[in-house]
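Visitor: Okay, so the sequence shown: first residue is 66 according to the numbering used here, each after it adds one. The C-beta atom is built at its ideal place from N, Cα and C for all residues, glycine as well. Bear in mind that the values here come from a model prediction, so they are computed numbers and not experimental data.
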Amino acid sequence: MNHLKNIFLLLVWLNISAFSQDINPAKIVQAVDSIRIQFHIPGLAFGVSNCDSTLVTGALGIRKINSNDSVTINDKFHIASLGKGLFAFITGKLVDEGKLSWDTRFFDMFPEMKDSSRQEYLDLKLSDLLSMRTRLRSLNNWDVKQIIDGYNAKYSNDRFSYYKFARYALALEPVKYESGQFYNYTSMGYVLACLMIEKASRFSYSQLLNKMNNDLGLEFFIGWPLDYNENQPSGHLIPAESGWGESKQLEVLNGDRFTDWGEDFLFYNIPSGHHSISALSYLKYLQLNLRGLTGQDNYLKSSTYDFIFNGAKEYSMGWGNDIVNGNNYYSHNGSAGNYFANAIIIKEPQIAIAVMANAGNGETKGGMLHIINYLKSKYVH
C-alpha cells in the first residue's frame with residue numbers, strides 16, 4: 066500500500082513539476098512579444114492572475130510608432146466596451162445597497178418620458194438595458210452619426226444632455242430582430258441606465274466611478290490615455306480599414322481626431338465605452354470579479370457577481386458568457402478603432418486574463434486573439 070502511495074505522490078510531483086517548468090514567466094513574456102512582433106502591434110501590456118496572486122505581467126513594444134518610447138506596465142490603455150462590465154460592477158454596488166434593483170423599470174423612474182416614447186420601449190428594466198435585451202438603436206456603428214445629427218438638429222442648444230438624448234432615442238423607430246435573435250448589441254441602453262443610477266444614487270457617473278476607485282485602489286478614468294498625461298501610449302489604426310481615410314498604413318490616431326459628431330459619440334459612450342486604465346490595475350479589478358464568481362463576497366455580494374455574469378444567456382450585464390469544455394467563460398473586448406482591449410475570466414481553473422494594445426486595426430486584433438489563446442494554453446488546464 067505504501068509503495069502505491071509513493072508512486073501516486075511521485076506522479077503528482079512530476080505533474081506539478083512539469084506544469085511549473087512550463088509556466089516560466091520570462092518565457093511567457095518572450096512568447097507574447099514574438100506574437101506582437103509577428104502581427105506588427107506597436108505596443109501592448111498584459112497580465113494573468115488567479116484568485117490569490119498575479120501570475121505574469123508584461124509590457125512590450127513602443128508607445129508610438131517611429132519612436133523608441135517603451136511601453137511600461139503602468140501605462141494606460143483605452144478599453145472601450147470593457148467599460149460595460151465596469152458599469153455593471155458600479156451598478157451592482159447600488160443594487161447591493163438597495164438604491165435600485167435589476168428589475169427597476171426605466172419609466173418608473175422617468176414617467177414624464179412615457180408619452181413621447183415608442184410603445185415598444187415602455188417595459189424596459191435595468192437588466193434589459195445592460196444585457197442588450199432591447200430594440201434601441203445602435204450607438205456602435207457608423208449609423209450613430211445620423212442619430213447624433215438628428216438630435217443636434219432638434220436640440221441645438223442642448224448638444225450634450227443624456228436626459229434629452231435618451232428622450233430623443235426613445236422616440237426613434239425600434240430595430241427589428243432577425244429570426245432567432247434574442248439580444249441587440251447597442252450602448253444606447255447604457256445611456257438610459259446611467260440616468261437611472263445617477264437618479265437612484267444622487268451622484269453623477271463620474272462621482273460613482275471615483276468613489277469605486279477610492280474604495281478599491283483602482284485607476285479607471287474617463288477619457289483617452291493621453292488625457293492622463295502626454296507620456297502614455299498613442300492610439301493607432303489603418304484609416305482605409307475603418308473609414309478614417311484612404312491610407313493603408315498604420316497611423317497615429319488620438320482623441321483629438323474625434324471632432325464634430327465624434328465628440329458627441331464619445332460623450333454618450335462614456336458609461337459603456339470611454340475609459341482608460343493600466344493593465345495592472347485592470348487585472349486587480351478582474352481578480353475581484355473572479356473571487357466573486359467563486360462564491361466570495363467582497364466589494365459586491367457573490368450573488369451580485371453571479372447575476373452580472375450569468376443573469377442572461379450569451380450576453381449578460383456587460384459580459385459575454387459561454388461554457389467551453391465544461392468551464393464557464395466570461396469575456397469581452399473593446400475598441401474605438403485606435404486601441405484594442407480584451408478580457409477573459411474562466412471560473413473553474415480560476416484564471417483571469419487581460420491584454421491591451423495601442424492599435425485597433427485588423428492585424429492587431431488577430432494578434433490579440435493569438436495572444437489570448439496562447440495564454441489560455443499555458444494557464445487553463
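How about Leu191: is its Cβ closer than 8 angstroms to a heavy atom in the ligand COA?
Guide: Inclusion of the ligand COA in the displayed structure is not the case, the ligand content being empty and no account of it being possible.
Visitor: Give a yes or no on contact between the segment 285–292 and the segment 255–269, applying the rule of three or more CB pairs nearer than 8 angstroms.
Guide: At 8 angstroms Cβ cutoff, the stretches do not touch.
Visitor: Classify Met177 as buried or exposed, calling it buried when 16 or more other Cβ atoms lie within 10 Å of its own Cβ.
Guide: The question names Met, but residue 177 is Glu in the sequence shown. Burial call: exposed.
Visitor: Checking 9 angstroms against the spacing of the C-beta atoms, do Pro336 and Phe142 come in under that value?
Guide: Going by C-beta atoms, Pro336 is not nearer than 9 angstroms to Phe142.
Visitor: How about Arg202 and Glu238: are their beta carbons less than 9 angstroms apart?
Guide: Contact: yes.
Visitor: Whose CA, out of Gln211, Val209, Phe171, Leu191, lies closest to the CA of Arg232?
Guide: Nearest option by C-alpha distance: Phe171.
Visitor: Grouping DSSP H, G and I as helix and E and B as strand, with all else coil, what is Ser181?
Guide: Here Ser181 sits in helix by DSSP.
Visitor: Identify which residue in Lys129, Ile411, Gly123 has its Cα closest to the Cα of His397.
Guide: Looking at the Cα atoms, Ile411 is the closest of the given residues.
Visitor: Indicate whether Trp309 and Leu302 have their beta-carbon atoms separated by less than 9 angstroms.
Guide: Contact: yes.
Visitor: For the beta strand (DSSP E) that Tyr395 lies in, which residues bound it at each end?
Guide: That run of the beta strand (DSSP E) goes 392–399.
Visitor: Determine the burial state of Trp167: buried for a count of at least 16 other Cβ atoms within 10 Å of its Cβ, exposed for fewer.
Guide: Trp167 should be labelled buried.
Visitor: So which of Ile88, Lys149, Arg101 has the shortest CA-CA distance to Tyr380?
Guide: Comparing Cα positions, the closest option is Lys149.
Visitor: How would you call Arg267, buried or exposed, if buried means at least 16 neighbouring beta carbons within 10 angstroms?
Guide: Counting Cβ neighbours within 10 Å, Arg267 comes out exposed, since fewer than 16 surround it.
Visitor: According to the Cβ coordinates, are Gly123 and Ile106 closer than 9 angstroms?
Guide: Cβ distance not < 9 angstroms, so Gly123 and Ile106 don't count as in contact.
Visitor: So, using beta-carbon positions, are Asn393 and Phe372 closer together than 9 angstroms?
Guide: No, these two residues do not count as a Cβ contact at 9 angstroms.
Visitor: Does the structure place the segment 414–422 close enough to the segment 337–347 that three or more beta carbon pairs sit under 8 angstroms?
Guide: The segment 337–347 is in contact with the segment 414–422.
Visitor: Return helix, strand or coil for Asn407, following the three-state DSSP convention.
Guide: Of the three classes helix, strand and coil, the one that applies to Asn407 here is strand, per DSSP.
Visitor: Starting from Val51 and walking both ways along the alpha helix (DSSP H), at which residues does that stretch end?
Guide: No information on residue 51 is available, as it lies outside the stretch 66 to 446 that the chain covers here.
Visitor: Assuming Ala124 is part of the beta strand (DSSP E), what are its boundary residues?
Guide: Residues 119–126.
Visitor: Just to confirm my understanding: we take Lys313, look at its own chain, exclude 5 residues before and 5 after, and list those with CB closer than 7 angstroms. What are they?
Guide: Same-chain partners within the cutoff: Ile303, Ala305.
Visitor: Can you tell me where the alpha helix (DSSP H) holding Val136 begins and where it ends?
Guide: It is not in any alpha helix (DSSP H) - Val136 carries neither H nor E in the DSSP assignment.
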